[in-house]
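A.B. asks: Going by our numbering, the first residue of the sequence shown is number 782, and it counts up by one from there.
One structure is given below, represented as structure tokens, and several questions about it will come after.
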Amino acid sequence: MERVLTRPPSYVTVGWETALDDLGARFGNVAEVLAEPALREVEESTRCLLADIRHEDTFVPHWAADSVIARLCYLACRLTSPEIVVETGVAYAVSSAYILVALRVPSYGRWPRRR
782 MERVLTRPPS YVTVGWETAL DDLGARFGNV AEVLAEPALR EVEESTRCLL
832 ADIRHEDTFV PHWAADSVIA RLCYLACRLT SPEIVVETGV AYAVSSAYIL
882 VALRVPSYGR WPRRR
């Protein structure tokens, strides 16, 4: 990457509340999206799944996306209404579950076309 860039990129780490404020200023409906029943349902189902497999695999917390990243995936899909989403490197499919649920919510995303 250093060969492509003339200087290293500059990133500023922000907290969750600051990120939500920034997203709210850009998109406006962040609080509504985070209050959606679909988000609560996927949070509960992934919590149960991870609790069930924790006894079989002690590395679950290490490999699974945490709740902040998963909620950010949901929020990004709901706010931007992408036509295509590509995710790589799934472990326990936590972020995949959030992305797929976000794409399934009416009027903001759609399932891929069948061929």
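Beta carbons are placed, not taken as given, at the ideal position from N, Cα and C, and that holds for glycine.
#1: What residues in its chain sit with their C-beta under 7 Å from that of C858, if we drop five residues either side in the sequence?
#2: According to DSSP, is S791 helix, strand or coil?
#3: Taking only the alpha-carbon atoms, compute the straight-line gap between E763 and H836 and give it to the nearest angstrom.
#4: Quick check on I865: does DSSP put it in helix, strand or coil?
#5: Using a 10 Å radius around the Cβ and a threshold of 16 neighbouring Cβ atoms, would you call S876 buried or exposed?
#6: Using 10 angstroms around the beta-carbon of T827, count the other beta-carbons present and answer buried if the total reaches 16, otherwise exposed.
#7: If you run the structure through DSSP and keep just helix, strand and coil, what is C829?
C.D. replies: Answer, in terms of the structure:
#1: Taken in chain order, the residues that qualify are V866, I880, A883, L884 and G890.
#2: It is coil, neither helix nor strand.
#3: With the chain represented from 782 up to 896, any question about residue 763 goes unanswered, as that position is not in the structure.
#4: The answer is coil: DSSP assigns I865 none of H, G, I, E or B.
#5: When all chains shown are included, S876 counts as buried.
#6: Buried is the label assigned to T827, since at least 16 other Cβ atoms lie within 10 Å of its Cβ.
#7: Helix.
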